[in-house]
Amino acid sequence: MNTANLSLFGKTKALEHKVDEFLDVLSECNIFFKAAITYFLEAGGNGAAAFQQKVKEVNSKESHADSLRRDIETELYEQALIPDFRGDILSLLEDLDNLINLFEENLINFSIENPQFPAENHKELKMLCEQVALCVESCVMSTRAFFRDIKAVRDHSHKVMLYEKEADKICIALKTAIFKSDLPLDQKSHLRNFVDKIDQLANEAEDVCDFLAIYTIKRAA
């Protein structure tokens, strides 16, 4: 039997549940973030109640993710679970937690700085958020596959790479449009920073999958 294709958790169901819950939190933050940016653009800024509600929800989810990650780390060490891959699992969860932190950071910055994107940029900004959402969700699916069926990791990771490239294209097009506009230079620079930070989410998801590829090879060895 090829044990590499079996669940990495074995009989550690409590740990499996917590890892699943952690990944659920990341997936939820991904959905909330996309919705928050839509509310922000459609309502004309940070005053939208729906936008502020999503900011609060992501803040709450980020705190819950931190708690889950600490619980998982404690169980892995105190119960000596999955010793061969413990370091890889902890590094993976830390990288995924950084993604959640980046969702929170982005929304806090939108809430504080209230960037004013011209209406003609809204479509491309929403397209960027859509590609980022697809990229992060594929990253979540790739991570779930790593724990349960490593043969599926590559398929999901490949989608991450494709979505990340599309996000980069939209990012470049959006920044080009911003700098070709008649906006003051300081506003152009302000908007560019927000575009780059959103695109960074896709880049981070791609980095996670690069490490997943290495962890997967180690599991299959």
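Read in order, the letters of the sequence shown are residues 1054 to 1274 in the numbering used here.
No residue lacks a Cβ here, since even glycine has one placed at the ideal position from N, Cα and C.
- Task: Note down, in chain order, each residue of its chain lying with its Cβ closer than 7 Å to the Cβ of A1198, except the 5 sequence neighbours on either side.
- Result: Within the sequence shown, numbered from 1, the residue matching residue 1198 stands at position 145. So the list reads A1205, V1206 and H1209, once near-sequence residues are dropped.
- Rounded Cβ spacing between C1192 and V1261 (contact assumed at less than 8 Å): For the purposes of this step, residue 1192 is taken as residue 139 along the sequence shown, with counting starting at 1. For the purposes of this step, residue 1261 is taken as residue 208 along the sequence shown, with counting starting at 1. Right, the Cβ-Cβ distance comes to about 5 Å (below 8 Å), so this counts as a contact.
- Query: Going along the chain, which residues of its own chain have a beta-carbon closer than 6 Å to the beta-carbon of E1183, five neighbours each way excluded?
  - Reply: In the sequence shown, residue 1183 corresponds to position 130, counting from 1. Excluding residues within five positions, none has a Cβ falling inside 6 Å.
- Between V1108 and L1160, which are expected to be in contact by the criterion C-beta below 8 Å, what is the C-beta distance as a whole number of angstroms? For the purposes of this step, residue 1108 is taken as residue 55 along the sequence shown, with counting starting at 1. For the purposes of this step, residue 1160 is taken as residue 107 along the sequence shown, with counting starting at 1. With a Cβ gap of about 5 Å, V1108 and L1160 count as contacting.
- Can we say the region 1090–1106 touches the region 1069–1076, given the rule of at least three CB pairs closer than 8 Å? no
- Message: What does the Cβ neighbour count give for E1131, buried or exposed, with the cut at 16 atoms within 10 Å?
- Response: Locating residue 1131 in the sequence shown gives position 78, where the first residue counts as 1. The residue is exposed, with fewer than 16 neighbouring Cβ atoms inside 10 Å.
- Query: Around the Cβ of A1007, are there at least 16 other Cβ atoms within 10 angstroms (buried) or fewer (exposed)?
  - Reply: What is shown of the chain runs 1054 to 1274, which leaves residue 1007 out entirely.
- Under 8 Å between the Cβ atoms of N1154 and E1128? Taking the first residue of the sequence shown as 1, we reach residue 1154 at position 101. Taking the first residue of the sequence shown as 1, we reach residue 1128 at position 75. No, they are not a contact pair.
- Below 8 Å on the Cβ atoms is my guess for A1220 versus L1244; work out the distance and round it to an integer in Å. Position 167 of the sequence shown, counted from the first residue, corresponds to residue 1220. Position 191 of the sequence shown, counted from the first residue, corresponds to residue 1244. Between L1244 and A1220 the Cβ distance is about 17 Å, and since that is not below 8 Å, they are no contact.
- Query: Are the Cβ atoms of K1250 and N1162 separated by less than 8 Å?
  - Reply: Numbered from 1 along the sequence shown, position 197 holds the residue referred to as residue 1250. Numbered from 1 along the sequence shown, position 109 holds the residue referred to as residue 1162. A contact, by the Cβ cut-off of 8 Å.
- Query: Along the chain, which unbroken stretches of the alpha helix (DSSP H) at least 4 residues long are found entirely within the region 1061–1109?
  - Reply: 1066–1096
- Message: Cutting at 8 Å between CB atoms, please list the residues of its own chain near N1151, excluding the five before and the five after it.
- Response: Taking the first residue of the sequence shown as 1, we reach residue 1151 at position 98. Taken in chain order, the residues that qualify are E1257.
- Item | Simplified DSSP state of S1120, which is helix, strand or coil | The sequence position of residue 1120 within the sequence shown is 67, counting from 1. The answer is helix: DSSP assigns S1120 an H, G or I state.
- Query: So L1094 and F1170 are in contact, right, with Cβ under 8 Å, and what is the actual spacing, rounded?
  - Reply: Looking up residue 1094 in the sequence shown gives position 41. Looking up residue 1170 in the sequence shown gives position 117. The Cβ separation is near 7 Å, so the contact holds.
- Length of the line joining the Cα atoms of A1089 and E1069: Translated into positions along the sequence shown, residue 1089 becomes position 36. Translated into positions along the sequence shown, residue 1069 becomes position 16. Taking the straight line from one Cα to the other gives about 30 Å.
- Residue burial classification, I1225 (beta-carbon count within 10 angstroms, cutoff 16): Counting from one through the sequence shown, the residue named residue 1225 turns up at place 172. By the neighbour-count rule (16 or more Cβ atoms within 10 Å), I1225 is not buried but exposed.
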